[in-house]
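A.B. asks:
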Amino acid sequence: MPELPEVETIRIGLAKLLPDREIADVWHDWQKSFPNAPADVARFMIGAKIKLVRRRAKVLIIELSSEYSLVIHLKMTGQLVLRGKQSFGAGHPTKSLVGELPDKSTRVILDFTDGSKLFFNDQRKFGWMRLLPSVEVPLIDFMQKVGPEPLEDDFTVDRFIERLARRKNSPIKAVLLDQTVLAGVGNIYADESLWAAKIHPSTPVSKVSKPKLVTLYSALRDILKLSIEKGGSTDRNFVDAKGKEGSYLNFAQVFRKAGQPCPRCGTEIVKIRVAGRGTHICPRCQRAPK
DNA sequence: CACTTGACCTGTCCGC
DNA sequence: TGCGGACAGGTCAAGT
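Numbering (my numbering), first residue to last: -6 to 283.
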C-alpha cells in the first residue's frame, strides 16, 4: 500500500524530524524484518546520528553519520512513526490508526538519546530493514534494476513511452506496476491513472494509442503529485511519520469504488482482476481490448 | 526469454 | 457467536 506518494509523505516527515538525533539503542523482535540486527547494530548504529532521509521508488534510505545507511521497504502494511515529547510538544495526535506504541505490530524500535523513539510497525511482516555501508546502497540489486522516478524533471513523455515499450505485449497495468519499468507505482495509482486516460488495464501496451499514452503520462504525474500534497492514501493502515492518515482517497475516482457511479459517465464502476490484482474500472470509459 | 502464479504474513470481513 | 475461507497487494522466486 505504501506507494510512491505514501513513501514520499513519510520521507518528508522524517526528513524534518530525524536529522541530528543520536541513536541510543535498537530493539527488534522479528528477524526477517531486520536480518542484520543485532550483530552490526552495536558497531554501526549506536552512537551514530541521523544525517538525512532519502527515497528511491518505494524505498526509504536513512543515512547515518557512521557512513552506514538503513534501507527500508514498508511493503504493504509498514509504518514508520516517531514518538516522543521532544518531537511534537504537547499535542501529538491522540486518536488515529496508531495508538500507544509499541503495539503488537512493532518490529523495530530506534531509541534516540533525547528520549524520542522511531517505531517500525508492520502488521503483515512483509517489510524489511537492512543496514549497509552508504556507498553500497546504489549497488544493491534493487537499486540497479529499478526504473526511473516518474516525477523527476527529466522524465519526459518520450521516456515514459519508451520505458513501457519494454513490455509491449503485457497488459498495461502489469507494466505500470513493474518497478523495473517505472519506479513507485502501485495498485491505487495504476487504477486511477488508467481511468483518467480511459485505458482498459488489460490492454497490451502495443495496442494503446499514442495520444492515450500521452494522456496517461500526464495523468499519472498529476495524480502522484496531488496525492503527495494530500499526504498519501490511507486505505487500511498507512500513516505518516507523526501517525497521521493521508486524505488522497477522498479524491480518488475509481479505487475501492465498485458499485458507485463513474464520475465521468455515471456507469457503475466494477472490480475485476488484472495481472493478479484487484482492479477498478469504468466498463464504459475503459473498453476491453478485442 | 516473456510472462504468470505462488509465497511471504496477519487482520478483517462475509456467509453459514 | 464461532469458524472457514477469501481477500487485501509489493516483490521475488518458481513455474509454464
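Ideal Cβ positions, reconstructed from N, Cα and C, are used throughout, including at glycine. Owing to the predicted nature of the structure, the values given are computational and were not obtained by experimental measurement.
What residues in its chain sit with their C-beta under 8 Å from that of serine 26, if we drop five residues either side in the sequence?
C.D. replies: Same-chain partners within the cutoff: Arg100, Val101, Phe113, Asp115, Lys118, Gly120, Trp121 and Met122.
A.B. asks: Quick check on the burial criterion: 16 or more other C-beta atoms within 10 angstroms. Buried or exposed for asparagine 162?
C.D. replies: It counts as exposed.
A.B. asks: Distance check for lysine 200 and methionine 38, CA to CA, integer angstroms please.
C.D. replies: Answer to the nearest angstrom: the Cα atoms are 51 Å apart.
A.B. asks: With arginine 214 as the anchor, note down where its alpha helix (DSSP H) starts and where it stops.
C.D. replies: First-last of the alpha helix (DSSP H) with arginine 214: 203 to 222.
A.B. asks: Put serine 186 into one of helix, strand or coil per three-state DSSP.
C.D. replies: Three-state DSSP puts serine 186 in a helix.
A.B. asks: With distance defined between alpha-carbon atoms, name the residue in Arg270, Leu144, Ser127 and Ala35 nearest to alanine 183.
C.D. replies: For the residues Arg270, Leu144, Ser127 and Ala35, the minimum Cα distance to alanine 183 belongs to Arg270.
A.B. asks: Measuring CB atoms only, is the segment 270 to 281 touching the segment 241 to 249, in the sense that at least three cross pairs come out at less than 8 Å?
C.D. replies: Contact holds: three or more Cβ-Cβ distances are below 8 Å.
A.B. asks: Can you have a look at glutamine 253 and say buried or exposed, based on whether 16 or more other CB atoms are within 10 angstroms of its CB?
C.D. replies: Per the 10 Å Cβ criterion, exposed.
A.B. asks: Roughly how many whole angstroms lie between the Cα atoms of phenylalanine 148 and serine 220?
C.D. replies: Using only the alpha carbons, I get a separation of about 19 Å.
A.B. asks: Helix, strand or coil: how does DSSP classify methionine 122 here?
C.D. replies: If DSSP states are grouped into helix, strand and coil, methionine 122 belongs with the strands.
A.B. asks: Taking phenylalanine 105 as part of the beta strand (DSSP E), name the residues at either end of that continuous run.
C.D. replies: Segment 99 to 105, the beta strand (DSSP E) holding phenylalanine 105.
A.B. asks: Just to confirm the assignment, what range does the beta strand (DSSP E) spanning valine 46 have?
C.D. replies: It spans 43 to 49 - the beta strand (DSSP E) in which valine 46 sits, taken as one unbroken run.
A.B. asks: Once DSSP output is grouped into helix, strand and coil, what is the label at glycine 252?
C.D. replies: Three-state DSSP puts glycine 252 in coil, outside helix and strand.
A.B. asks: From what residue to what residue does the beta strand (DSSP E) around glutamate 56 run?
C.D. replies: 52 to 57 is the span of the beta strand (DSSP E), which, as asked, contains glutamate 56.
A.B. asks: Quick one, are the C-beta atoms of leucine 7 and leucine 73 less than 8 Å apart?
C.D. replies: Closer than 8 Å, so yes.
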